Amino acid sequence: MERDVLELAKMIQAQAKTGLHFVTNDYELERYEQIMDTTIQLIAQLSAQEPERIHMALHSESLYVTPKVDLRTVVFDDKGRFLLVKEKVDGKWTLPGGFCDVGFSPSEVAVKETWEEAGINVRPVRLLGVLDKRKHEHPKTLYYLYTIFMLCEKVGGVEQPGSETLDVQYFALDDLPELSTYRVTKRQLGMMEPFFHNRDLEPYFD
Numbered sequence: 001m002e003r004d005v006l007e008l009a010k011m012i013q014a015q016a017k018t019g020l021h022f023v024t025n026d027y028e029l030e031r032y033e034q035i036m037d038t039t040i041q042l043i044a045q046l047s048a049q050e051p052e053r054i055h056m057a058l059h060s061e062s063l064y065v066t067p068k069v070d071l072r073t074v075v076f077d078d079k080g081r082f083l084l085v086k087e088k089v090d091g092k093w094t095l096p097g098g099f100c101d102v103g104f105s106p107s108e109v110a111v112k113e114t115w116e117e118a119g120i121n122v123r124p125v126r127l128l129g130v131l132d133k134r135k136h137e138h139p140k141t142l143y144y145l146y147t148i149f150m151l152c153e154k155v156g157g158v159e160q161p162g163s164e165t166l167d168v169q170y171f172a173l174d175d176l177p178e179l180s181t182y183r184v185t186k187r188q189l190g191m192m193e194p195f196f197h198n199r200d201l202e203p204y205f206d
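So that you can map any letter, position 190 of the sequence shown is 190 in UniProt numbering, and since no number is skipped, the others follow by simple counting.
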């Protein structure tokens, strides 16, 4: 129930922010700003974060609100184990990846993030899925996120951590370390594992 209320608050906030983009008079401006302030307070209570932090994050975005895009690369070794990186920020493990930067295609983001976080060069092979984080077992987050999963092949380099990671290793699905569930879940890795055996499977999407 609490998660549903948080998602509704974020949706109302996004609608108010978009309304500010098209406002035509002072009365509408004042009302949309009041809605923004109210939803910031509500989101802060539901997500256990400071209102000031949420205010800064929300106002740093463009006024027309759309979902953010996260991309994760799926790299298997010859035993079908997943390449995982240990994040500095929380000391937990995830697939290489991150937010898609403006000016980079999804394939370019996959290559860039895997090199920066895991020290290897990869070749993007195919799309595995596009998932709505709201529909999966992730902790609450401030942003509305879609995650792209992309199968990649290692073509060079040596597995080593980068500036944002502490370690790089391959893990089997039945022997996973503690996952950074803000970024990926065991169930999602289970969805991706069959692609090691059959690359012709249909991609997942929400």
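Backbone N, C-alpha and C fix where the C-beta goes; we use that ideal spot for every residue, glycine too. Since the structure is predicted, the reported quantities are computational estimates derived from the model, not experimental observations.
Problem set entry | For R183 and W93, the rounded distance between their alpha carbons | As a working note, residue 93 is residue 93 in the sequence shown. As a working note, residue 183 is residue 183 in the sequence shown. One C-alpha to the other measures close to 9 Å.
Exercise. For the region 45-56 against the region 113-132, are there 3 or more C-beta pairs whose distance is under 8 Å?
Worked result: no
For this session: Tell me whether D206 sits in a helix, a strand or coil according to DSSP, three-state version.
Result: As a first step, residue 206 is located in the sequence shown; it is residue number 206 there, counting from the start. It is coil, neither helix nor strand.
Problem set entry | Contact under 8 Å by Cβ, V74 with L145 | Residue numbering aside, residue 74 sits at position 74 when the sequence shown is read from its first letter. Residue numbering aside, residue 145 sits at position 145 when the sequence shown is read from its first letter. Cβ atoms of V74 and L145: not closer than 8 Å.
Exercise. On the three-state DSSP scale, how would you describe R199?
Worked result: In the sequence shown, the residue the question calls residue 199 occupies position 199. DSSP places R199 outside both helix and strand once states are collapsed to three, so it counts as coil.
Exercise. Just how far apart, CA to CA, sit L166 and I148?
Worked result: Within the sequence shown, numbered from 1, the residue matching residue 166 stands at position 166. Within the sequence shown, numbered from 1, the residue matching residue 148 stands at position 148. One C-alpha to the other measures close to 23 Å.
For this session: Please confirm whether L71 and P124 have their CB atoms less than 8 Å apart.
Result: Taking the first residue of the sequence shown as 1, we reach residue 71 at position 71. Taking the first residue of the sequence shown as 1, we reach residue 124 at position 124. Not a contact, by the Cβ cut-off of 8 Å.
For this session: Using the Cα positions of G97 and L83, report the straight-line distance between them to the nearest angstrom.
Result: Residue mapping note: residue 97 aligns to position 97 of the sequence shown, counting from 1. Residue mapping note: residue 83 aligns to position 83 of the sequence shown, counting from 1. Between G97 and L83, the C-alpha separation is close to 11 Å.
For this session: Give the secondary structure of E28 by DSSP, where H, G and I count as helix, E and B as strand, and everything else as coil.
Result: Residue numbering aside, residue 28 sits at position 28 when the sequence shown is read from its first letter. Here E28 sits in helix by DSSP.
For this session: Determine the contact status of A9 and I35, defining contact as a CB-CB distance below 8 Å.
Result: As a position in the sequence shown, residue 9 is number 9, starting the count at 1. As a position in the sequence shown, residue 35 is number 35, starting the count at 1. Not closer than 8 Å, so no.
Exercise. Mind checking whether G162 and E116 have CB atoms under 8 Å apart?
Worked result: Here residue 162 corresponds to residue number 162 of the sequence shown, with the count starting at 1. Here residue 116 corresponds to residue number 116 of the sequence shown, with the count starting at 1. Yes, Cβ-Cβ distance for G162 and E116 is below 8 Å.
Problem set entry | C-alpha distance - V155 paired with E108, whole-angstrom precision | One-based indexing of the sequence shown puts residue 155 at position 155. One-based indexing of the sequence shown puts residue 108 at position 108. Inter-residue distance for V155 and E108 is about 15 Å (C-alpha atoms, whole angstroms).
For this session: Going by CA-CA distance only, name the one from V69, I120, V89, L95 that's closest to V102.
Result: Taking the first residue of the sequence shown as 1, we reach residue 102 at position 102. Cα-wise, what sits closest to V102 is V69.
Exercise. In whole angstroms, what separates the C-alpha of L29 from that of L20?
Worked result: Translated into positions along the sequence shown, residue 29 becomes position 29. Translated into positions along the sequence shown, residue 20 becomes position 20. If you take the alpha carbons of L29 and L20, they lie about 6 Å apart.
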